[in-house]
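Let me begin by presenting the structure, written as structure tokens, before commenting on it.
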Amino acid sequence: MSFSSPKMSLLSALSGPPDTLDGRNVLQYVIMLTVLLVAIVPIVALTTGLPVLALVAVAGLFYTATLLATESIFEGLSAAIFVLVTFSANVPLVELPLGGEEYTTPILNALLVDVVVIPFAGLMLWWLYSGKISLNFGRERIVGYALAGFVCWSLLAGLVGNGPSRLAGLFYVVVQLRHLVLFTISAVIVKYIGIRSAVYSLGIAIVGQLMYAMAEILNYGSFGLTYLGDSGSGPGPAFSVGPLQFEYALYAGGFAGTSRILVALLLLVIPVIVAIVVRRSIVWKLAAAVALVCSTLLVRVSQTDSGFAAFLFTALLMAIALCTLWIATDTTDRTPRDRTSDYVSGISSTVGLAALSVFLFTRREISRTSRSTKATGTSGGDSASGTSAFGGVSSTRSNSEVGSDFMIQIANQIPFIETTNFSIRLQQYIAAIDIGLQYPLFGIGGMNFPLVAESYGLPRPIEIHNIYLSILASTGFPGAVFFLLSISAVLVIAGKKAMSSESDHLFWAMLICGMLGFHAYSFWVTIHSGGVAYLVFWVLAGTVVGANRRQETDITSRSSAT
4 MSFSSPKMSL LSALSGPPDT LDGRNVLQYV IMLTVLLVAI VPIVALTTGL
54 PVLALVAVAG LFYTATLLAT ESIFEGLSAA IFVLVTFSAN VPLVELPLGG
104 EEYTTPILNA LLVDVVVIPF AGLMLWWLYS GKISLNFGRE RIVGYALAGF
154 VCWSLLAGLV GNGPSRLAGL FYVVVQLRHL VLFTISAVIV KYIGIRSAVY
204 SLGIAIVGQL MYAMAEILNY GSFGLTYLGD SGSGPGPAFS VGPLQFEYAL
254 YAGGFAGTSR ILVALLLLVI PVIVAIVVRR SIVWKLAAAV ALVCSTLLVR
304 VSQTDSGFAA FLFTALLMAI ALCTLWIATD TTDRTPRDRT SDYVSGISST
354 VGLAALSVFL FTRREISRTS RSTKATGTSG GDSASGTSAF GGVSSTRSNS
404 EVGSDFMIQI ANQIPFIETT NFSIRLQQYI AAIDIGLQYP LFGIGGMNFP
454 LVAESYGLPR PIEIHNIYLS ILASTGFPGA VFFLLSISAV LVIAGKKAMS
504 SESDHLFWAM LICGMLGFHA YSFWVTIHSG GVAYLVFWVL AGTVVGANRR
554 QETDITSRSS AT
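Position one of the sequence shown corresponds to residue 4 (the numbering used here), numbered consecutively onward.
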């Protein structure tokens, strides 16, 4: 690692991205920044009482000085993107009152990752202008076009202003534009560092958040570092596993926000961790096993039945993928015995995770009274509280109400899953479809549903617990089509890569499992509502699209320019 003057480092960065680089250097900077922000800054803040923001500034200056001294601006900025995108630390810029003064929600935030995105985007524009890089991704550019189309249609929906707040609809566009910018940046980064370095970088950052969340669980409370993204919410009831007691804790989300947001991020990387169990040495297998057990415990602690169901769904996909690859593929670098041992380890880990998750979710008693209230829509589970579906809207029971009651009765038969809030979800979904039919072209604009939620009989201003119906209500059918096309194209690209003869089938199959589990989770929760979950997803999507046009090379085979 050579050292140079800051002036030479800046001139080198402006001249263009490096011709060759070692992906391991990016991983080193990822580890450095993760340790600084997830471990060192919190420890110093909690032990000395020094202001968190001041410590973050010092850590940022130290990190920047290291990049300048080692002439590693591109690698360091790339690493910072992957790490900071997992932090929900933000400064609310504009807030919107909901239902009078009782509720307010920020509709425009400045996120920690913006500190890196803005200079990186400026650097990319300079490189584009000077012809140093190209954004030609071949057929895979359909993802970028679809996502850009969604951003533009969201802008039109905000300008049309069918909803009560045109301002909220326009600021919603800023959130989607941030997704597009991060997607584009990560698609460029992966061309130089490789897909594994990019995905492992995200994985290291997310596991760092998981370790901080475990510390909060063992502490039986949040450490209160809200400036970094700690949710700071209070504990819930406790459950026991033998002599151990754990609290239901929304606060245990690291700096990603709530624990349910962190569950979404873990769903993306858990399959990649399982791939490490299959392919890596015993030391990596043990480290991966610890991360997997902690992930399973976090799903339980977050008290999200939606997360539990998505977790089991992801485990099922992984088991199917592993069995299929074990039978259908062969490798020349592994003996049949070693290959069998590897896949048995992966399949055993997957089945063990599912079994542990089911065991943990049976560590609660559901009283007869609690189960009898499922059809009434009383609060519970992982959503808002409320009254019966369409309560107070009409004295007569509509076909929608009868249908929703029937769906609730079916849901009540699902084992292990608590469905006390299911009627509220159905009420939201019916409202979203009604808005989509009433305003099929532009919807009511982004972030407007909470403003009309109570008019649909919902108990308070809440978001729709389903990203697909939320986008339908916000941007109409064209916006929903653009969004579905963008995420479907990412899956198709990853699927083609998984089936390519020269690719790492296991790695790509696990990526697909993670993305499918993430999208399944999005069907039931509000992780799309201003959090970091979809920021991380679009960074991952960018790496998938960018990597599909480059020769796939393991991080250990790339070397730095001398």
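The beta carbon of each residue, even a glycine, is placed where N, CA and C say it ideally should be.
If you're wondering where the values come from, they're calculated on a predicted model, not measured in any experiment.
Verify the CB distance criterion: does residue i have a CB-CB separation below 9 Å to chain C?
| i | result |
| --- | --- |
| Leu270 | Looking for chain C here will not work: only one protein chain is present. |
Roughly how many angstroms lie between the CA atoms of residue i and residue j, to the nearest whole one?
| i | j | result |
| --- | --- | --- |
| Val119 | Val277 | 31 Å |
| Val286 | Phe65 | 31 Å |
| Glu98 | Val176 | 15 Å |
| Leu269 | His468 | 19 Å |
| Val193 | Ala201 | 6 Å |
| Gly449 | Thr51 | 43 Å |
| Ser386 | Thr327 | Because the pLDDT of Ser386 is 40, which lies under 50, any placement of that residue in the model is unreliable, and the question is left without a value. |
| Phe258 | Leu71 | 27 Å |
| Gly3 | Met127 | A query on residue 3 cannot be resolved here, the shown segment of the chain reaching from 4 to 565 and no further. |
| Val38 | Ser91 | 17 Å |
| Tyr459 | Leu253 | 28 Å |
| Trp566 | Leu205 | Only positions 4 to 565 of the chain appear in the structure, and residue 566 is not among them; the question remains open. |
| Val296 | Ser133 | 49 Å |
| Ser344 | Ala255 | 35 Å |
| Gln430 | Tyr32 | 47 Å |
| Leu320 | Ala331 | 16 Å |
| Ala290 | Leu170 | 47 Å |
| Ile76 | Leu131 | 17 Å |
| Leu213 | Tyr195 | 28 Å |
| Pro443 | Ser503 | 40 Å |
Within the same chain, show all residues whose beta-carbon is closer than 6 Å to that of residue i, passing over the 5 residues directly before and after it, in chain order.
| i | result |
| --- | --- |
| Arg342 | none |
| Ala190 | Gly545, Val548, Gly549 |
| Val178 | none |
| Ile145 | Ala492 |
| Val116 | Leu87, Val88 |
| His531 | Ile470, Tyr537 |
| Val528 | Ser309, His468 |
| Leu514 | Ala497 |
| Val210 | Ala294 |
| Asn28 | Glu78 |
Take residue i and list the residues in its own chain whose beta-carbon comes closer than 7 Å to its own, dropping the five residues that flank it on each side.
| i | result |
| --- | --- |
| Val184 | Val120, Ala124 |
| Phe445 | Leu159, Ala160, Val163, Asn165, Thr478, Gly479 |
| Trp329 | Tyr346 |
| Phe226 | Pro45, Leu49, Glu219, Asp233 |
| Tyr432 | Asn469, Leu472 |
| Pro246 | none |
| Pro350 | Here residue 350 turns out to be Ile, not Pro, going by the sequence shown. Excluding residues within five positions, the ones whose Cβ falls inside 7 Å are Ala322, Leu325, Cys326. |
| Gly395 | For Gly395, the predicted model reports a pLDDT of 34, less than 50, meaning its position is unreliable; a value from the coordinates is still stated below. Excluding residues within five positions, the ones whose Cβ falls inside 7 Å are Gly460. |
| Ser525 | Ile470, His531 |
| Ile474 | Gly482, Ala483, Phe486 |
| Ala82 | Val29, Tyr32, Val33, Leu36, Ser204 |
| Ala267 | Phe521, Tyr524, Ile530, Ala536 |
Between residue i and the rest of its own chain, which residues show a CB-CB distance below 8 Å, the 5 nearest in sequence each way excluded?
| i | result |
| --- | --- |
| Phe316 | Leu519, Gly520, Ala523 |
| Arg181 | Leu114, Asp117, Val120, Leu538 |
Quick check on the burial criterion: 16 or more other C-beta atoms within 10 angstroms. Buried or exposed for residue i?
| i | result |
| --- | --- |
| Ala60 | exposed |
| Val347 | exposed |
| Leu2 | Because the chain is modelled from 4 through 565, residue 2 falls outside the range shown and cannot be assessed. |
| Val244 | exposed |
| Ile279 | buried |
| Gln306 | buried |
| Tyr148 | exposed |
| Pro54 | exposed |
| Ile571 | The requested residue 571 is not part of the displayed model; the chain covers only 4 to 565. |
| Ser168 | buried |
| Thr365 | exposed |
| Ala241 | exposed |
| Ser262 | buried |
| Leu24 | buried |
| Arg142 | exposed |
| Asn451 | buried |
| Tyr215 | buried |
| Asp507 | buried |
| Asn93 | buried |
Following a CB-centred definition, is residue i positioned closer than 8 Å to any heavy atom of the ligand GDP?
| i | result |
| --- | --- |
| Ile145 | For the ligand GDP, the structure offers nothing, since it holds no ligand at all. |
Since I believe residue j is in contact with residue i (beta carbons under 8 Å), could you give me their beta-carbon distance rounded to a whole number of angstroms?
| i | j | result |
| --- | --- | --- |
| Val47 | Leu58 | 6 Å |
| Leu138 | Phe186 | Actually they are not in contact, since the Cβ atoms of Leu138 and Phe186 sit about 11 Å apart, beyond 8 Å. |
| Val535 | Ile264 | 6 Å |
| Ile273 | Gly517 | 7 Å |
| Leu40 | Leu231 | 7 Å |
| Ala208 | Phe314 | Actually they are not in contact, since the Cβ atoms of Ala208 and Phe314 sit about 20 Å apart, beyond 8 Å. |
Length-filtered (4 minimum) alpha helix (DSSP H) runs lying within the region 271-351: 285-304, 308-331
Whole beta strand (DSSP E) elements within the region 105-143, 3-residue minimum: 106-114
Would you mind listing the alpha helix (DSSP H) stretches within the region 431-493 that are 4+ residues and don't spill past its ends, in chain order? 452-455
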